[in-house]
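Be aware that the sequence shown starts at 915, since it is given in this note's numbering, and climbs by one per residue. Only one structure is covered here, and it is reproduced in the block below.
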Amino acid sequence: MAVLPILVAPHPVLKQKAKPVAAVDARVAAFMNDMVETMYAANGIGLAAPQVGVLERIIVVDVHEKDQPRNPIRLANPEIIWSSEDKGPCEEGCLSVPEQYADVIRPVAVRVRYLDETNTRRELDADGMLATCLQHEIDHLNGVLFVDHLSLLKRNMILRKVQKQQKASA
915 MAVLPILVAP HPVLKQKAKP VAAVDARVAA FMNDMVETMY AANGIGLAAP
965 QVGVLERIIV VDVHEKDQPR NPIRLANPEI IWSSEDKGPC EEGCLSVPEQ
1015 YADVIRPVAV RVRYLDETNT RRELDADGML ATCLQHEIDH LNGVLFVDHL
1065 SLLKRNMILR KVQKQQKASA
């Protein structure tokens, strides 16, 4: 397994739409494992393939509680097949928009269909933080960042802060 470099906004790959994977084969499963390792190394709870420069519809998430064992979920070609009418705010951050957070309003529950790391088709019902994380990562597959759900003013403020941080650390 390997820790992969994470792209930071406004990298153009982050705005592109990812392509479906034909099947979860050994290459895709190994890449999923690298994504999980990268997510943990960055102290994240989710990661999408475009964030590491790969335009494939693959995400990994793990919203386990701090006192619980890790529980990564690997998803290829995830699609939301149901979402609740109830919506609510949740503070979101992103490994590609480092150290920036904002409330985003999303459905509080979703059902996601996907292929797991063994190429088995599955469905997952999620609410709370897991539902938010899944929606956030699936957005990445469509070239959407959490800041795209904010007002233009707030989005521009956050992206300017990220660019200043990048220049300062360069």
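All residues carry an ideal CB built from backbone N, CA and C; glycine is no exception. Please read these numbers as outputs of a predicted model, since none were measured by experiment.
Item	Value
Nonlocal neighbours in the same chain, by C-beta distance under 8 Å from Asp-976, ignoring five residues either side	Val-950, Met-953, Tyr-954, Ile-959, Gly-960, Arg-984, Asn-985, Pro-986, Ile-987
Inter-residue Cα distance where the pair is Leu-1066 and Gln-1014	15 Å
Helix, strand or coil at Ile-959 [DSSP, three-state]	coil
Touch test, the segment 1008-1023 against the segment 1052-1060, Cβ-Cβ under 8 Å, three pairs minimum	yes
Nearest neighbour of Asn-1056, chosen from Val-1018, Ile-994, Pro-919 [CA to CA]	Ile-994
Contact the segment 1023-1034 vs the segment 929-942: 3+ CB pairs below 8 Å	yes
Inter-residue Cα distance where the pair is Asp-1000 and Leu-989	25 Å
Span separating the alpha-carbon of Ala-944 from that of Val-1022	31 Å
One or two residues paired with Cys-1047 in a DSSP bridge	Its beta-bridge partners do not exist; DSSP assigns none.
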